[in-house]
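Residue numbers (the UniProt record's numbering), protein chains in the order written: chain S, 1 to 228; chain X, 1 to 282. Think of the CB as a built atom: it goes at the ideal place given N, C-alpha and C, for glycine as much as any other residue. Following: one structure in structure tokens, then a few remarks.
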């Protein structure tokens, strides 16, 4: 086989690869679009009016996740499933964002940390790598770390809205999360970098709790939080 | 690493603050068996296992790189027909040792997604491609194709118990990009070979090499920018190597007829030293 023939063969492979990447990019773009919509919806809880009807927002967000499922299903059709990590970088960011949104949703609903299985279910993907398109553990953890910073914001805003008990529940939750992350031996990578930001969220929430306790506001049972 | 030294002392400290400020003693003592903590314990195992595997692969990858580099240096010692067989035999034994290392990489990757750990050993594979194509060029003056390389990297799997009925071959396949990057490095070696062969009084090799390099250059031009970014970067170095070889051939052609044969090598090596000064250092 002549040298040029070999290169022609290789080039065919490379451009096929590029085609796949382009297809993936298209789906990822629509995923990002949906993710933004969910984000806007859920961010409503930071407003005084929004914090009162969290359940309605959660129901709406759940509906949006059906769109996500459809997009993710079509993403899986774009490439052979055993080459997940070959193209991983392309959907990594959006998947982390979706994990964050799903975990935020679950937190608002039940004030618990979403499990990996549950996120996979919400997103309509597999839990284990062997079975196909799955959720990488590092992506899951990154998404959860985003949840922490969102909750520190929510703690502040719920005080403004007159809900004085929520920050305390958030504080318990974040502390448990912090405890969990301390168990991990992280490498010096992007996940580690994000984890390093967690302490600021913890600090922020502790400050809020401190402010409330020093003023004796924690014992008040505001009429707002009838839900818990 | 703060999270390594931390867990014991610092956590208890935090714990204390938390308890006293919020009076949730009983709630937090349940903590170590809570769902979140349990989940994170399993994450710890999973991440540790993954990082360990990655580190093992990086180490294997480095060994592959070093041994391949040594093989290349060895192959540069082919100076005449006399020692050729001897050197080639030694190179072959070195390369088969490298293949054993690659087999270990393959064993690490059984049941894994190869691309997940690809970054750990891709420099090693590229270096191996460079070595094996160089060896093949010296013996047959042809470019070793990717399918032939991959054929050599299939191993009989003797360690796996014969539980599954499938034929036990395991191996790593060199990806097209690994192959192309390895071949691009090969051209640098060929340039060195060209210059040194003139020093040995071999007047044919430079012309063969320039032809071969032109073919490879054409091939890379055909690929252009369809490949990843690294390939286009290597293309620049390839251009330089090619022009060095072409200039060498030019000098041979023009000056060859004017200067007595015994002085040619001196003239040429003096000139080429200036050209490839920076390469000699590396």
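- When the beta-carbon positions are compared, residue 88/X and residue 135/X come within less than 9 Å of each other.
- When the alpha-carbon of residue 217/S is set against those of 45/S, 163/S and 134/S, the nearest one is in 163/S.
- Annotated as proximal: residue 183/X and residue 216/X, with beta-carbon spacing under 9 Å.
- One Cα belongs to residue 115/X, the other to residue 137/X, and the distance between them is close to 29 Å.
- Bounds of the beta strand (DSSP E) holding residue 156/X are 154 to 156.
- Listed along chain X are 215, 218, 219 and 222, each with a C-beta nearer than 8 Å to that of residue 4/S.
- Put simply, the backbone Cα of residue 44/S is about 20 Å away from that of residue 112/S.
- Neighbours of residue 137/S in chain X, taken as residues whose beta carbon is under 9 Å from its own, are 43, 46, 47 and 50 in chain order.
- When DSSP states are grouped into helix, strand and coil, residue 170/X belongs to the strand group.
- One thing to note: residue 174/X has its Cβ no nearer than 9 Å to the Cβ of residue 120/X.
- Residue 37/X reaches chain S at 176, 179, 180 and 183, counting residues in chain order whose Cβ is nearer than 8 Å.
- For the 9 Å CB-CB criterion, residue 60/X and residue 105/X form a contact.
- According to the DSSP assignment, residue 34/S belongs to the alpha helix (DSSP H) that extends over 3 to 43.
- Not flagged as an interface residue toward chain S: residue 133/X, since no C-beta distance is shorter than 9 Å.
- Contact check between the region 26 to 36 of chain S and the region 59 to 78 of chain S: three or more CB pairs, one atom from each, fall below 8 Å, which counts as touching.
- According to DSSP, residue 134/S shares a beta bridge with 126/S.
- For residue 185/X, the enclosing alpha helix (DSSP H) has its first and last residue at 176 to 199.
- At a cut-off of 9 Å, the C-beta of residue 8/S has a neighbouring C-beta in chain X.
- Residue 116/S is positioned such that its CB atom lies no closer than 9 Å to that of residue 84/S.
- Burial of residue 142/S is indicated by the presence of at least 16 other C-beta atoms within 10 angstroms of its C-beta.
- For the pair residue 92/S and residue 136/S, the CB atoms are nearer than the 9 Å cut-off.
- Here the C-alpha atom of residue 13/S lies approximately 35 Å from the C-alpha atom of residue 90/X.
- For residue 111/X, the nearest CB of chain S lies under 9 Å from its own CB, placing it at the interface with that chain.
- For residue 107/S, there are no C-beta contacts with chain X under 8 Å, since the nearest C-beta of that chain is about 12 Å from it.
- Contact holds between the region 201 to 208 of chain X and the region 238 to 252 of chain X, because three or more Cβ pairs, one in each stretch, are under 8 Å apart.
- Inter-segment contact for the region 165 to 173 of chain S and the region 124 to 138 of chain S is absent: fewer than three beta-carbon pairs are separated by less than 8 Å.
- Taking 9 Å as the threshold, the shortest C-beta distance from residue 82/S to chain X falls below it.
- C-alpha of residue 51/S to C-alpha of residue 125/S: approximately 30 Å in a straight line.
- 173/S is the residue among 77/S, 64/S and 173/S whose C-alpha sits nearest the C-alpha of residue 35/X.
- In summary, residue 193/S is exposed, with fewer than 16 beta-carbon neighbours lying within 10 Å of its beta-carbon over all protein chains present.
- Residue 143/X belongs to the set of residues whose beta carbon lies under 9 Å from a beta carbon in chain S.
- Here residue 109/X really is in contact with residue 172/X; their C-beta atoms are around 7 Å apart, less than 8 Å.
- Chain X places a beta carbon closer than 9 Å to that of residue 116/S, counting this residue as a contact.
- For residue 161/S, no alpha helix (DSSP H) encloses it, and the DSSP letter there is neither H nor E.
- Going by DSSP, residue 122/X is part of the alpha helix (DSSP H) stretching over 118 to 140.
- Listed along chain X are 176, each with a C-beta nearer than 7 Å to that of residue 13/S.
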